[in-house]
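Take a look at the structure below.
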Amino acid sequence: EESLREVAVRLSGGGNQIQILSRPRLTQAGWQLHASAKVVDGTFADRPRQDVEVPAETAVEGEGLYRLAAASGLDFGPSFRQVALSARVDETTIVSELKPAEADPRFGLAPSRLDACFHGLILLFADLLGEGSTKAYVPVRFGEIRLIRPGAVIARVLIRTRRCNERSILADFTLVDADGEVIASLREGRFQALRARSGQDLAAYAIAQRSELA
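Per UniProt numbering, the very first residue in the sequence shown carries number 1; after that it's consecutive.
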């Protein structure tokens, strides 16, 4: 019960400045800032169709990918295990194919589907951190998220790493549908290496949503 927190979303600047904060439940403690963003409505040039294919000769199936993640203390629940195949194409390129899914009208980008787009980075963990490491990379910042086709179902993702070392990964992501049409692009995604706490996995850093009677 001591870990329960209340979450607040603040809008400012005409509604285009967003902050997500939390504090321990039923206290007057100060709010802790978890995320902030600026929303910009504009027109952008059309993105060309992307031919994103997973090379069979180097592909890792989803089960194997999530075993690698668990070995680093990063465990995913069933609804987040959406990668079917993932493969390294070259030193800076990773492609992933997601499991088939239906459109979810509640979201412009379904959260669990979007999260799965980052899972191809798991293929880098052993090379960057060494076998048996209890560290894993988690997202901490994005320079720009451009949503082109809200509500479309993500089928594949193309990941291009800009920089990667034992401390962090900087990468760009292109999300496409089954026909290769671009749904969204994420630039300058920064992933920080975190070590699992003793006796725990990295879920110890997460905030879980729980419904309760008032």
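All C-beta atoms in this analysis are idealised placements derived from N, C-alpha and C, irrespective of residue type, glycine included. Being a predicted model, the structure only gives us computed values, none of them experimental.
Have a look at residue i and residue j and give me their C-alpha separation to the nearest angstrom.
| i | j | result |
| --- | --- | --- |
| R5 | R25 | 4 Å |
| A103 | P55 | 26 Å |
| V7 | A29 | 13 Å |
| G62 | L123 | 11 Å |
| L213 | S3 | Its pLDDT being 47, under 50, L213 is placed unreliably in this model, and the value from its coordinates should be taken loosely. Going by the C-alpha atoms only, they are around 17 Å apart. |
| Y205 | T58 | Note that Y205 scores a pLDDT of 48, beneath 50, so its modelled location is shaky; the value from the coordinates is reported in the next line. Distance between the alpha carbons of Y205 and T58 is about 32 Å. |
| R195 | G73 | 8 Å |
| A87 | D177 | 18 Å |
| V60 | G77 | 19 Å |
| N16 | D41 | 9 Å |
Please state whether the Cβ-Cβ distance between residue i and residue j is less than 8 Å.
| i | j | result |
| --- | --- | --- |
| R160 | A193 | no |
| V39 | I18 | yes |
| L186 | I154 | no |
| V9 | V52 | no |
| E91 | R156 | no |
| F125 | L65 | no |
| E181 | R81 | no |
Is it buried or exposed, residue i, if we count other Cβ atoms within 10 angstroms and call 16 or more buried?
| i | result |
| --- | --- |
| S12 | exposed |
| S198 | Because S198 carries a pLDDT of 48, less than 50, the predicted location of this residue cannot be relied on, and no value is offered for it. |
| R113 | buried |
| F191 | buried |
| H119 | buried |
| A116 | buried |
| A37 | exposed |
| F173 | buried |
| L33 | exposed |
| G14 | exposed |
| G189 | buried |
Using the DSSP secondary-structure output, state which residues sit across from residue i in a beta bridge.
| i | result |
| --- | --- |
| K135 | R195 |
| Q17 | S12 and K38 |
Meets three-Cβ-pair contact criterion under 8 Å: the segment 108-128 and the segment 144-163: Output reads yes: the segment 144-163 touches the segment 108-128.
Does the segment 163-183 come close enough to the segment 126-142 to have 3 or more Cβ pairs within less than 8 Å? Yes, the segment 163-183 touches the segment 126-142.
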